[in-house]
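Colleague: Sharing a structure here in structure tokens format.
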Amino acid sequence: MSPLLAALLLIALLPAAAAPADAAPAAALPPGAGWVYPVGPPGGPVEVVNGFDPPDQPWLAGHRGVDIASTAGAEVRAAGPGTVSYARPLAGRGVVVIDHGPLRTTYEPVTPIVTVGDEVGAGQPIGTLESAGSHCAPAACLHWGAREGERYTDPLALIGGGSVRLLPLGPRTLTGGPPPPPTQPPSSGGLAWPVAAPRITSPYGMRIHPITGERKLHDGLDLAAACGAPIRAAAAGRVTAAGIRGPYGLQLTVDHSRIRGTPLTTSYSHLSAFSTAAGQPVRAGQVIGRAGTTGLSTGCHLHFMVYAAGLVTDPVPWLPTSDSVTTSDPAKAIRGVVDGSDTQVIVHAMPARRQLLR
């Protein structure tokens, strides 16, 4: 896969949280020992609609989990023993994340019946399968993912020799577009704009990449910024990474712990310089870098990304904006007022579409 095909899709799982000292390190279990399928018969067979297909590089598009066929309302179980680290709606669908020591598994779309901090055993019910947000719409299926450290793994390998059956795609339409915006976004945003006089030149969502010509997910906001313009932390937190990140160029990532109850991380890409380093605390509004055009970029700007519970999401609901404005002509800009000031946010809108998920 060519690195020029780098219109970016990064769907990461929740960053590792410290497990209680008395929690059993379930990740020490070998594959097949104590693990079960999260839907269908615990020991199989299950029907896999879409298999594990990781990208060649972390920043490229791929399918970082498996989709298991089921029915809406079906019981969803913990695949292995661990501690619930996230269990609530995210971007219009329910998500449950379970930490198993260094391994983390994710389950969506799920209406959770567990809460953060609950210790669960293999096969214990954690919720019911939702139909909204399914990768297999109009059919229902569970998207099950696994990640150990920075490496995505095939969750089916956890079951060992369990029986699976790969289903042909047939007439199904699998959705590979961005998730819908949160149904109840934070009322006060929770983040501040990282640039002065914010102007969105390319919004979050599917688009034609200006360099590669490919239609891909644009996984953040492009904000107008002159070369060398100061870039500020959107909220207080700690820098977790600062370095070269493939097509993102110089990228800085800040962990904000929880904002409005959700684990939140922001990243700032295509920078020309850093003003801080990994491991350093930062204040809200602190200058953390300078705008640039490093990486796969058409000119100086900021590519701003938000991860909620480890999953990439539209930053707009987390930022201070006016009441939503609609337009009948998606080719026109949508203008809004930030915090009641005269500053305008300009979003070049594009119609939502569907594509086939690999």
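Quick note, the sequence shown lines up with residues -23 to -1, 1 to 335 if you use mature numbering (1 follows the signal peptide of the UniProt record, and there is no 0).
Glycine residues also receive a C-beta, built at the ideal position from the N, C-alpha and C atoms.
Contact between the region 202 to 210 and the region 260 to 270: three or more CB pairs below 8 Å?
Modeller: yes
Colleague: Would you give the residue range spanned by the beta strand (DSSP E) that Val216 belongs to?
Modeller: Residue mapping note: residue 216 aligns to position 239 of the sequence shown, counting from 1. Element bounds for Val216: 214 to 221.
Colleague: What first and last residue would you give for the beta strand (DSSP E) that runs through Gln228?
Modeller: The count along the sequence shown starts at 1 and reaches residue 228 at position 251. Note, Gln228: beta strand (DSSP E), 227 to 236.
Colleague: Suppose you measure from the CA of Thr48 to the CA of Asp76; what does that come to, to the nearest Å?
Modeller: Locating residue 48 in the sequence shown gives position 71, counting from the first residue. Locating residue 76 in the sequence shown gives position 99, counting from the first residue. The alpha-carbon atoms of Thr48 and Asp76 are separated by roughly 26 Å.
Colleague: My parser needs the alpha helix (DSSP H) runs of 4 or more residues fully inside the region 7 to 87; what are they?
Modeller: none
Colleague: Give me the Cα-Cα distance between Leu279 and Leu248, rounded to the nearest whole angstrom.
Modeller: For the purposes of this step, residue 279 is identified with residue 302 of the sequence shown, where counting begins at 1. For the purposes of this step, residue 248 is identified with residue 271 of the sequence shown, where counting begins at 1. Approximately 7 Å between the Cα atoms of the pair.
Colleague: On the three-state DSSP scale, how would you describe Ala174?
Modeller: Walking along the sequence shown from the start, residue 174 turns up at place 197. In the three-state reduction of the DSSP assignment, Ala174 falls in the coil class.
Colleague: Following the continuous beta strand (DSSP E) through Tyr129, name the residue where it begins and the one where it ends.
Modeller: Walking along the sequence shown from the start, residue 129 turns up at place 152. Boundaries of the beta strand (DSSP E) harbouring Tyr129: 128 to 130, taken from the DSSP string.
Colleague: Please report the residue range of the beta strand (DSSP E) in which His112 lies.
Modeller: Stepping through the sequence shown from its first residue, residue 112 is reached at position 135. From DSSP, His112 is part of no beta strand (DSSP E); its letter is neither H nor E.
Colleague: Using only the alpha-carbon positions, how far apart do Ile45 and Pro292 sit?
Modeller: Here residue 45 corresponds to residue number 68 of the sequence shown, with the count starting at 1. Here residue 292 corresponds to residue number 315 of the sequence shown, with the count starting at 1. For Ile45 and Pro292, the distance between alpha carbons rounds to 29 Å.
Colleague: Taking the alpha-carbon of Thr290 as reference, which of Gly20, Val16, Gly69 has the nearest alpha-carbon?
Modeller: Walking along the sequence shown from the start, residue 290 turns up at place 313. Among Gly20, Val16, Gly69, the Cα nearest to that of Thr290 belongs to Gly69.
Colleague: Using only alpha-carbon positions, find the residue among Gly98, Gly28, Phe29 that is nearest to Val61.
Modeller: Residue mapping note: residue 61 aligns to position 84 of the sequence shown, counting from 1. For the residues Gly98, Gly28, Phe29, the minimum Cα distance to Val61 belongs to Gly98.
Colleague: What three-state label does DSSP hand Val91 in the structure shown?
Modeller: For the purposes of this step, residue 91 is taken as the residue at position 114 of the sequence shown. Of the three classes helix, strand and coil, the one that applies to Val91 here is coil, per DSSP.
Colleague: Have a look at Val72 and Pro66 and give me their C-alpha separation to the nearest angstrom.
Modeller: As a working mapping, residue 72 is identified with position 95 in the sequence shown. As a working mapping, residue 66 is identified with position 89 in the sequence shown. Approximately 6 Å, taken between the alpha carbons.
Colleague: Check the DSSP bridge columns for Arg124 and list the partner residues they point to.
Modeller: By 1-based counting over the sequence shown, the position of residue 124 is 147. Arg81, Tyr129, per the DSSP bridge assignment.
Colleague: With DSSP as the reference, identify every bridge partner of Gly104, one or two as the case may be.
Modeller: As a first step, residue 104 must be located in the sequence shown, where it is residue number 127. DSSP output for Gly104 lists Val53, Pro89 as bridge partner(s).
Colleague: Closest to Gly197 by C-alpha separation, out of Gly182, Tyr129, Cys204, would be which residue?
Modeller: The residue you call residue 197 lines up with position 220 of the sequence shown. Per the Cα distances, Gly182.
Colleague: Return the CA-CA distance between Gly287 and Pro22, expressed in angstroms with no decimal places.
Modeller: As a first step, residue 287 is located in the sequence shown; it is residue number 310 there, counting from the start. As a first step, residue 22 is located in the sequence shown; it is residue number 45 there, counting from the start. Whole-angstrom Cα-Cα distance: 30 Å.
Colleague: For the region 50 to 60 and the region 78 to 88, state whether three or more C-beta atom pairs, one from each stretch, are separated by less than 8 Å.
Modeller: yes
Colleague: Would you identify the three-state DSSP class for Ala134, choosing helix, strand or coil?
Modeller: The sequence position of residue 134 within the sequence shown is 157, counting from 1. Correct three-state label for Ala134: helix.
Colleague: Going along the chain, which residues of its own chain have a beta-carbon closer than 8 Å to the beta-carbon of Ala202, five neighbours each way excluded?
Modeller: Stepping through the sequence shown from its first residue, residue 202 is reached at position 225. Cβ within range, chain order: Val172, Ile208, Ala268, Cys277, His278, Leu279.
Colleague: Is Pro180 helix, strand or coil by DSSP?
Modeller: Reading the sequence shown from its first residue, position 203 is the one you call residue 180. Pro180: coil per DSSP, three-state reduction.
Colleague: Between Val121 and Pro15, how many whole angstroms is the CB-CB distance? I'm expecting something under 8 Å.
Modeller: Your numbering for residue 121 matches position 144 in the sequence shown. Your numbering for residue 15 matches position 38 in the sequence shown. According to the sequence shown, residue 121 is Trp rather than Val. Yes, Trp121 and Pro15 are in contact; Cβ-Cβ is about 6 Å, under 8 Å.
Colleague: Write down the C-beta distance between Ile236 and Ala212 rounded to the nearest angstrom, noting that I regard them as a contact closer than 8 Å.
Modeller: Against the sequence shown, residue 236 aligns to sequence position 259. Against the sequence shown, residue 212 aligns to sequence position 235. Confirmed, about 6 Å.
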